[in-house]
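Engineer: Residue numbers (the numbering used here): -16 to 407.
By construction, the Cβ of each residue, glycine as well, lies at the ideal position given by its N, Cα and C atoms.
As the structure is a computational prediction, the values presented were derived from the model and not from experiment.
Pasting a structure here, questions to come.
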Ligand SMILES: [Ca+2]
Ligand SMILES: [Ca+2]
Ligand SMILES: [Ca+2]
């Protein structure tokens, strides 16, 4: 007992120093030090991980408020938390967020059977920040947000997920407890003021080549912003809702989502031609603006690159506008069409107009416009919700806004340009 107490005290002295009145910094470089810091932090503390690989011995439960857990260098590749395996039981979840004001930054979570990070609306958690985090080969959900099915007042407010990379490089297998396609990127429920921006998702799909979306928000989202993300060849791209009817006790009543904007995203639809492989899906949504996205299906005639659906007579699609999007692929409208409108989209359902040459590198989801995309350049209309593009460049450049997520930069005119040169 005395030996154990001495070792604990030594751990504390080694790893803890107070930097300011309101918080301490726990510098950790081993799993034991990490577990100790997680078990003992106070509100306002930071847990700073030295470069290295951390084979976790248990999930990291952040169930007291006010802590930041981050990699020490700022480079997320330098600090890697490893679970029991994408396809093998062991340490099944990386980080569980069960209290307010938790931030996770600048690190990688790899090889978890269930979830990389799990935030819990059932604990009413607010102001979670997940920034510059990489999740690699996760068996069910890279970032999961769960809820209390019996309490409509438990909502996660003001959640920010930014600059994250969700990557799958191996096949899903060996999950007998779920169907083969029970996998997705960000799957959250019951939020208010959720922002997801600047994230990349690549290759997320199940073993039957279906799956949930890279960004899948259902069961209660009020005022959501999805912007400047790049989704590459996942089973499904961006989904507000899914065809299952919204449950009872949501903060949005009978709608999956009420109020939101989806803007300036690049989505490369997966290569599959069957199943639920949809680029953009809107199911029982209300007051949503879908502006200036580039959504690209290699198979341009696929019938539901965009899918709009009513889950129930109570949560009919209402006040939804799709505007100024560049879409290669077709739209399937399962509704009566009265709840949504489109304006200024440039859409090609045969592949004759919008071709790969329009874009910098379609195969990697890089849909920056090339000079061949003339029909998209300066063909848009400014909307108050879209003042910049996926790069943060101000709109418009040139004579008008461009259609889709990229605004092509116009080179500034040299101050003393020769007047006898015709600029083309
Ligand atoms: Ca809350
Ligand atoms: Ca322009
Ligand atoms: Ca641009």
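Do you know offhand how far residue -16's Cα is from residue 19's?
Structural biologist: Residue placement at residue -16 is poorly supported in this model, since its pLDDT is 41, which falls under 50; the coordinates are not used for a value here.
Engineer: Using the rule of at least 16 other Cβ atoms within 10 Å of the residue's Cβ for burial, across every protein chain shown, is residue 419 buried or exposed?
Structural biologist: The first residue shown for the chain is -16 and the last is 407, placing residue 419 beyond what the model contains.
Engineer: What residues match up with residue 117 in a beta bridge as DSSP calls it?
Structural biologist: DSSP, once it has assigned bridges, lists 91, 148 as partnering residue 117.
Engineer: For residue 139, verify whether its CB is less than 7 Å away from any heavy atom of ligand 1.
Structural biologist: The answer is yes for residue 139.
Engineer: Entirely within the stretch 340 to 401 and at least 4 residues each: give me those alpha helix (DSSP H) ranges in chain order.
Structural biologist: Here no run is fully enclosed.
Engineer: What do you get for residue 66, buried or exposed, if any count of 16 or more other CB atoms within 10 angstroms of its CB means buried?
Structural biologist: buried
Engineer: Would you say residue 381 touches ligand 2, meaning its beta carbon is less than 7 Å from a heavy atom?
Structural biologist: yes
Engineer: Comparing the CB of residue 361 with every heavy atom of ligand 3, is any distance shorter than 7 Å?
Structural biologist: Outside the cutoff, so no.
Engineer: Which residues have a Cβ closer than 6 Å to any heavy atom of ligand 3, listed in chain order?
Structural biologist: 372, 374, 376, 389, 390, 392
Engineer: Could you have a look at residue 299 and say whether DSSP puts it in helix, strand or coil?
Structural biologist: coil
Engineer: Can you tell me where the beta strand (DSSP E) holding residue 7 begins and where it ends?
Structural biologist: 6 to 11
Engineer: What is the C-beta distance between residue 139 and residue 104, in whole angstroms, given that I count them as a contact (C-beta under 8 Å)?
Structural biologist: About 4 Å separates the CB atoms of residue 139 and residue 104; that is less than 8 Å, so the two are in contact.
Engineer: Do residue 327 and residue 351 come within 8 Å of each other at the CB atom, strictly closer than that value?
Structural biologist: no
Engineer: In whole angstroms, what is the alpha-carbon distance linking residue 294 and residue 267?
Structural biologist: 6 Å
Engineer: Closer than 7 Å to a non-hydrogen atom of ligand 2 - does that hold for the CB of residue 293?
Structural biologist: no
Engineer: Out of 273, 174, 245, 150, point me to the one whose CA is closest to residue 143's CA.
Structural biologist: 174
Engineer: Residue 272 to residue 131, Cα distance in whole Å?
Structural biologist: Straight-line measurement puts the Cα of residue 131 at about 28 Å from the Cα of residue 272.
Engineer: Using 8 Å for Cβ pairs, my map puts residue 318 next to residue 291. What's the rounded Cβ distance?
Structural biologist: 6 Å
Engineer: Going by C-alpha distance, which of 117, 348, 391, 123 is nearest residue 98?
Structural biologist: The residue among 117, 348, 391, 123 with its C-alpha nearest the C-alpha of residue 98 is 123.
Engineer: Classify residue 125 as helix, strand or coil using the three-state DSSP reduction.
Structural biologist: DSSP places residue 125 in strand when its eight states are reduced to three.
Engineer: Any heavy atom of ligand 1 within a distance shorter than 7 Å of the CB on residue 107?
Structural biologist: Yes, Cβ of residue 107 sits closer than 7 Å to a heavy atom of ligand 1.
Engineer: Between residue 206 and residue 242, how many whole angstroms is the CB-CB distance? I'm expecting something under 8 Å.
Structural biologist: 5 Å
Engineer: By the DSSP assignment, the beta strand (DSSP E) with residue 200 in it spans what residues?
Structural biologist: 196 to 200
Engineer: Check this for me: beta carbons of residue 334 and residue 313, under 8 Å apart or not?
Structural biologist: no
Engineer: Closest to residue 346 by C-alpha separation, out of 331, 215, 224, 316, would be which residue?
Structural biologist: 215
Engineer: With a 10 Å radius around its C-beta and 16 neighbouring C-beta atoms as the bar for buried, classify residue 410 as buried or exposed.
Structural biologist: This structure gives no information on residue 410, because the portion of the chain shown stretches from -16 to 407.
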